[in-house]
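Residue numbers (the numbering used here), protein chains in the order written: chain Z, 62 to 457; chain G, 135 to 588.
Here's the structure we're looking at; comments come further down.
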Amino acid sequence: MLGLNKKDLGVLLLVALLAMAAPILLNPFPADSGMAQFNAGYPDLMQRFVIFGIFAIGYNILFGLTGYLSFGHAAFLGVGSYSAVWMMKLLSMNVIPAILLSVIVAGLFSVVIGYVSLRRSGIYFSILTLAFAQMSFNLAYSVLTPITNGETGLQISLSDPRILDGANAPSYPNLFGAQMNSAATIDVGSWSFTFSVGYYLCALLMLVAFYISIRIFRSPFGLMLRAVKSNQQRMNYTGLNTKPYTLAAFVISGMYAGLAGGLLAAMDPLAGAERMQWTASGEVVLMTILGGAGTLLGPVLGAGFIKYFENIFSKINDNVLHGWFSFMPDGIEDFIITIIHPFVGKGWHLTLGLLFMLVVIFLPGGLVEGGQRIGRLFRRKKADTNTPDGTKTPAE
Amino acid sequence: MSFSNLTRRGLMKTGAVAGAGLALPTYLSAASHSGFTNAPQGDTVTLGFNVPQSGPYADEGADELRAFELAVEHLNGGGDGGMLQTFSSKALEGNGIMGKKVQFVTGDTQTKSDAARASAQSMIQKDGAIMISGGSSSGVAVAVQGLCQEAGVIFMAGLTHSNDTTGKDKKANGFRHFFNAYMSAAALAPVLKNLYGDDRKVYSLTADYTWGWTQQESIQAATEAMGWETINDVRTPLAATDFSSYIAPVLNSGADVLVLNHYGGNMVNSLTNAVQFGLRDKQVNGKNFEIVVPLYSELMARGAGKNIAGIVGSQNWDWKLEDQLGARYTGTNAFVQSFGTKYGFPPSQAAQTCYAQTLLYADAVARAGSFNPCAVVEALEGFEFDGLGNGPTLYRAGDHQCFKDVVVVKGKENPENEYDLVEIVEATPAEQVTYDVDHPMFAGGELGNCNPGA
């Protein structure tokens, strides 16, 4: 169905189901319990899950398939955000033109950067992309201040022209009137689930992005990209020009990043230069590797994992810790909190770093490999390790 | 790639998923209504304190958080009550806000607009915060204020000094107690004229974001009005930590005054660089070379150490105000007393403004008799109060900016201890720094209507 084989269709349906039920699945703890700290089912974070999922899916098309390690993809994310906000300032608060323009501009931008960077491969390619991204960041941060509003970030304001909107048009990003921040909260017992318009728009686009990525993985084009990864030199010697393929992969992943940037701006109409900083480029590399580079599901998992840490672990402060361990005697309580303190709150990067090391050392295929190992424990008989379907292509 | 495996079951599954996906948005547009966003449930109310815990303003953020904790303690009836004792409005009784115990959540703005918005967003959506306060950067304040306007909660700005916060980016749900760049310039200009004469050439370094821009604009306008000349203005990135490459050109520019439109860690570093380059010992145009730091703070003075001696700037408040300038600034000593008892050192101006903002919000709720943001806005607009350490103060209805005296200070030549680094030159009366709502430096925005959210 949909041009997919049974297994891929299963994966797609699983992702669809998870995405649609996320507001329920991510809120496993009652709202008034102490564990509510770990609930991730609020619209802003769920939107980040799927938006960075899209970003990582796109990145995986370049890095997972061709093996080209780009350190500059945040530039496309930022460009997408800026174009989306400008669309919302000038044309309409409807998110459709904003998202379309963000994909197109990011696409054009990646053609230029890709054309130059792809003249080299390996580490030189990585450095070139990094240099371009830092250039874009500095342009956005100080040189192009009239367009980007620099450090302050580009925002919408009541006095923007918005030539397509009538006098009574909503003043918040919307889809034909349905505002991105409107949400319904349903209380079931002591659980509380929030369903928001913005999240479902992102989730639907993520599913489309995921579907396109599956089709690319399974297409002759995808096979060509894998061939580039395994031995580009040999392909060149056989007379094949690989450049159009790698450039196409680069542009596609750039457009995915643009879509993610546009969605970020559509959910929250602000674009800041720090979105283009090299740390943001590094983050998507981490997401892809953590989840499993070259796998279909991996990047989405990795994106969710990192965003969860960033938003949930970083909010555990000493007050919360004292709340948890208050049942212990004072001395032991303080001792335990002193030990945990560096790993939560401000120190969430440290925890993430440790986990990243553990994953890279023990699960080179990322979280997806972890899942497969657990799966294999339960059904030893069918241990066919080398399925050629891409769910288990070794990571770089 | 064919449709050969199209089964009845598969079709139904896909159909159901697609249907659910399509149906949800229509269903969602009928959002649930409780009158306003995050109406407090049960016997508690949650406030969100969003402060920088990393980045160039981390010191200010840490002090703001201390002040917030103290304010919550006092609101809930703990401690010695601090400025609740001296506050001119007596609506608060030390039993929380309208009988609801005050709880709070904290977040890290990282001094980045994006991160600050994500953090505020999670406070509003996940923790049910009804008011967001804090922040130490105008870029962040403007971003978070916009978010609070859209989400329908009140934003009580922390330390934000840009004209734009209550100028072109003002919002109906946002309020600022802190003074602004225009006020700094208006208070500083006469003092600078007295000290350094009316024929000076200025070179300025400016933090490259909304605060720096408006600060520079204000200072330039005020100093040129009294005859000074601006030779050059160089923008520096907020994330910069070494300013030597920006300082070197000052030496040969012919300027005899360097204005550092920097704050926090930026200012500590740029001032240190400037002193290391020997600027303060230089003679230019037959005059001593001088450095001016328009926005000052005790925390920065502590960071800059001896380099701060003799340098002039302005502050929103100082912990020695009441001792040195008398009972007009009542509340100062009460606050310093309870802050010092709890933490062991005097509070900074960032702490004072955040403490005052929390009290002002709680008081407005109590006077309005409702947590509804629109009722709170109404209670705060045009509110005149006293006893929060700044003397008689007005929350102007037209732009949600507080008008009060501005403190002009100078780095002490021989500080007695590490907290007493700043001496007060004068307190410029509020009338002298007041401007019209439609002053050109503040024009271009509109408050809009208050938004109660859901």
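For every residue, glycine included, the Cβ atom is placed at its ideal position computed from N, Cα and C.
N- and C-terminal bounds of the alpha helix (DSSP H) containing serine 379(G):
378-385
Which complete alpha helix (DSSP H) runs does the segment 299-349 of chain G hold, if anything under 4 residues is left out?
315-330
Which residues, in chain order, does the segment 243-266 of chain G contribute to contact with chain Z at a C-beta distance below 7 Å?
Lys246, Ser247, Asp248, Arg251, Ala252, Gln255, Ser256, Gln259 and Lys260
Kindly list the residues whose CB is nearer than 6 Å to the CB of tryptophan 252(Z), restricted to its own chain and excluding five residues on each side of it in sequence; keep chain order.
Pro91
Per DSSP, which residues does tyrosine 529(G) bridge with? Please list them.
Cys536(G)
Could you check the C-alpha separation between isoleucine 558(G) and valine 427(G) for me, to the nearest Å?
15 Å
Excluding sequence positions up to five away, which residues of its chain have a Cβ less than 6 Å from the Cβ of glycine 119(Z)?
Ser314, Tyr317 and Ala318
Just to confirm, is the Cβ distance from asparagine 403(G) to aspartate 376(G) under 8 Å?
yes
At what residues does the alpha helix (DSSP H) containing alanine 264(Z) begin and finish?
258-279
What span of residues does the beta strand (DSSP E) with threonine 246(Z) cover, start to end?
244-249
Distance between valine 156(Z) and serine 378(G) (C-alpha atoms, nearest Å)
45 Å
Rounded straight-line distance, which links the Cα of glycine 355(Z) to that of methionine 418(Z)
19 Å
Could you pull the start and end residues of the beta strand (DSSP E) that alanine 291(G) belongs to?
288-291
Would you say glutamate 430(Z) and glycine 365(Z) are within 8 Å of each other, going by their C-beta atoms?
no
Note down, in chain order, each residue of its chain lying with its Cβ closer than 7 Å to the Cβ of serine 163(G), except the 5 sequence neighbours on either side.
Any reading at serine 163(G) needs caution, since the residue's pLDDT is 37, under 50, leaving its predicted position unreliable; the model's value is listed next. The answer is none, since no qualifying residue turns up.
When you check each C-beta in the segment 206-226 of chain Z against every C-beta of chain G, which residues fall closer than 9 Å?
Thr206, Asn210, Gly211, Glu212, Thr213, Gly214, Gln216, Ile217, Ser218, Leu219 and Ser220
Nearer than 7 Å: is that true of the beta carbon of alanine 250(G) relative to any heavy atom of the ligand ZN?
As for the ligand ZN, it is missing from this structure, which has no ligand bound.
Do you know how far the Cα of alanine 252(G) is from the Cα of glutamate 351(G)?
31 Å
Coarse secondary structure for isoleucine 313(Z), derived from DSSP in three states:
helix
Just checking: is the beta-carbon of lysine 68(Z) within a distance shorter than 8 Å of some beta-carbon in chain G?
no
Where the alpha helix (DSSP H) containing leucine 514(G) begins and where it ends
507-514
Residues of chain G with CB under 9 Å from leucine 106(Z), in chain order?
Ala252, Gln255, Ser256, Gln259 and Lys260
Does any C-beta atom of chain G lie closer than 8 Å to the C-beta of asparagine 121(Z)?
no
Can you name the start and end residues of the alpha helix (DSSP H) that isoleucine 266(G) belongs to?
Run containing isoleucine 266(G): none in the alpha helix (DSSP H); it sits in the beta strand (DSSP E), 265-268.
With a threshold of 8 Å between beta carbons, is glutamate 198(G) in contact with chain Z?
no
Neighbourhood of glutamine 283(G) by C-beta, 8 Å cutoff - its chain only, sequence neighbours within 5 removed:
Phe289, Lys305, Ala306, Asn307, Gly308, Gly582 and Asn585
Using a beta-carbon distance below 8 Å, is tyrosine 369(Z) in contact with chain G?
no
Of the residues that make up the segment 307-335 of chain Z, which ones have a beta carbon closer than 7 Å to any beta carbon in chain G?
Asp329, Leu331, Gly333 and Glu335
Among Leu87(Z), Val72(Z), Gly114(Z) and Gln98(Z), the one whose alpha carbon lies nearest that of glutamate 344(Z):
Gly114(Z)
Where does aspartate 226(Z) sit, in a helix, a strand or coil, going by DSSP?
coil
Glycine 359(Z) beta carbon less than 8 Å from that of threonine 349(Z)
yes
Pick from Val173(Z), Ser232(Z) and Leu106(Z): whose alpha carbon is nearest that of alanine 249(G)?
Leu106(Z)
Using a C-beta cutoff of 8 Å, does aspartate 342(G) count as contacting chain Z?
yes
Could you check whether proline 186(G) and aspartate 242(G) sit closer than 8 Å to each other, using their CB atoms as the reference points?
yes
Return the CA-CA distance between aspartate 325(G) and glutamate 560(G), expressed in angstroms with no decimal places.
The sequence as given places valine at residue 325(G); aspartate does not occur at that position. Answer to the nearest angstrom: the Cα atoms are 9 Å apart.
Using a Cβ-Cβ cut-off of 6 Å (strictly less than) and excluding sequence neighbours within five positions of serine 187(Z), which residues of its own chain qualify?
Leu130 and Phe132
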